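J.: Pasting a structure below so you can have a look.
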Amino acid sequence: MTAFDPAEGQASPSGERPWTALIGMPLIFLVLGGLGAVVGVRASTTLLDDTVLQQRYRVADESFFAEAKAFYERNKIAPGAVRMRPGETMYLLAQSWAYLPELRLQAGQRYVAWVASTDVRHGFLLRDQGLSFLLEPGYAYRVELLFEEPGTYAVSCNEYCGLGHAAMIGRIIVEGQP
Ligand SMILES: [Cu+2]
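Have a look at this one:
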């Protein structure tokens, strides 16, 4: 009987380490990977929930049009025209065959506008801001506007909507800083 058996002495430590190295590490990665997947799925569902999407469009129901009417009454400076305070949300309505109201804004200020059709499908073209999209009846669309230069800008309909389509143009008047 020897005090030290090299074969037995090596078998024990080197027999256990590979076991933990080969099984233990993959298990840790499996658990971490699983946690990562759960966190990832939760993060992506958070990004896609309604509160985020509603920043891009919303249902244009009675309460929406009531908000638009209240906005118009609050800011009206002349029949069919409003002057905006920076930061206030505005409403621009397409109807056969006009864009109302006329908006007066300040240059260099950011504005949020809800755009909606009150009747049929119209197009929304605001070339200066790089905006062109369809207004489906029943929905309101959120746009952000920032005009650097004072001037008069046209909003027009670029989706055929009947007899008055070609004349369906609205105005945004951008004033210089006071
Ligand atoms: Cu049109």
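Under the working numbering, the first residue of the sequence shown carries the number 1, and numbering increases by one thereafter.
Idealized CB from N, CA, C, for every residue including glycine.
These numbers were taken from a predicted model, which means no experiment stands behind them.
(1) When you compare only the Cα positions, how much space is there between Tyr91 and Arg110?
(2) Return the residue from the list Ile77, Ala68, Glu175, Ile172 that minimises the CA-CA distance to Ala116.
(3) Give every residue of the same chain whose Cβ lies closer than 7 Å to the Cβ of Pro101, excluding the five residues on either side of it in the sequence, and list them in chain order.
(4) Taking 6 Å as the limit between beta carbons, can you name the residues of its chain near Val112, skipping five residues before and five after?
(5) Just grab the DSSP bridge partners of Met90 for me.
(6) Determine the extent of the alpha helix (DSSP H) in which Glu67 is found, giving its start and end residues.
(7) With hydrogens ignored, establish whether the beta-carbon of Glu159 is closer than 7 Å to any heavy atom of ligand 1.
(8) Starting from the C-beta of Ile174, find all residues in its chain whose C-beta is less than 6 Å away, skip the five residues before and the five after it, and write them out in chain order.
(9) Determine the burial state of Ile169: buried for a count of at least 16 other Cβ atoms within 10 Å of its Cβ, exposed for fewer.
(10) Given a threshold of 16 other Cβ atoms within 10 Å of its Cβ, counted over all protein chains shown, does Thr46 qualify as buried or as exposed?
(11) Smallest Cα separation from Asn158: which of Tyr139, Arg121, Gly138, Gln177?
(12) Shortest alpha-carbon distance to Arg58 belongs to which of Cys161, Ala94, Tyr141, Ala154?
(13) Is it the case that the CB of Gly123 approaches a heavy atom of ligand 1 more closely than 7 Å?
(14) Can you find a heavy atom of ligand 1 that lies under 7 Å from the Cβ of Met168?
(15) From Gly138, Leu93, Met84, Ala66, pick the residue whose C-alpha is nearest to that of Ser156; which is it?
T.: On the basis of the coordinates in this document:
(1) Walking along the sequence shown from the start, residue 91 turns up at place 91. Walking along the sequence shown from the start, residue 110 turns up at place 110. The alpha-carbon atoms of Tyr91 and Arg110 are separated by roughly 14 Å.
(2) For the purposes of this step, residue 116 is identified with residue 116 of the sequence shown, where counting begins at 1. Comparing alpha-carbon positions, the option among Ile77, Ala68, Glu175, Ile172 lying closest to Ala116 turns out to be Ala68.
(3) Within the sequence shown, numbered from 1, the residue matching residue 101 stands at position 101. If we look at Pro101 and ignore the five residues flanking it on each side, its Cβ neighbours are Tyr72, Gly80, Ala81, Val82.
(4) Within the sequence shown, residue 112 is the residue found at index 112, counting from 1. Cβ within range, chain order: Thr89, Glu144.
(5) As a first step, residue 90 must be located in the sequence shown, where it is residue number 90. In the DSSP output, where bridge partners are listed per residue, Met90 has Ala113.
(6) For the purposes of this step, residue 67 is taken as residue 67 along the sequence shown, with counting starting at 1. Taken as a continuous stretch (DSSP letters only), the alpha helix (DSSP H) holding Glu67 covers 62-75.
(7) On the sequence shown, residue 159 is found 159 positions in, with the first residue counted as 1. Flag set: Cβ of Glu159 near ligand 1.
(8) In the sequence shown, the residue the question calls residue 174 occupies position 174. Before going on, a small fix: residue 174 reads as Val here, not Ile. Within the same chain, Val174 has close Cβ partners Leu105, Ala107, Phe147, Pro150, Gly151.
(9) By 1-based counting over the sequence shown, the position of residue 169 is 169. It is exposed - the Cβ of Ile169 has fewer than 16 other Cβ atoms within 10 Å.
(10) If you number the sequence shown from 1, residue 46 lands on position 46. Bear in mind that the predicted position of Thr46 carries a pLDDT of just 47, short of 50, making it too unreliable to give a figure here.
(11) The count along the sequence shown starts at 1 and reaches residue 158 at position 158. The shortest Cα separation from Asn158 among Tyr139, Arg121, Gly138, Gln177 belongs to Arg121.
(12) Reading the sequence shown from its first residue, position 58 is the one you call residue 58. Considering only alpha carbons, the answer is Tyr141.
(13) Here the question's residue 123 lines up with position 123 in the sequence shown. Checking every heavy atom of ligand 1 against the Cβ of Gly123, one is found closer than 7 Å.
(14) As a first step, residue 168 is located in the sequence shown; it is residue number 168 there, counting from the start. Indeed, a heavy atom of ligand 1 lies less than 7 Å from the Cβ.
(15) Here residue 156 refers to the residue found at position 156 when the sequence shown is read from its first residue. The shortest Cα separation from Ser156 among Gly138, Leu93, Met84, Ala66 belongs to Leu93.
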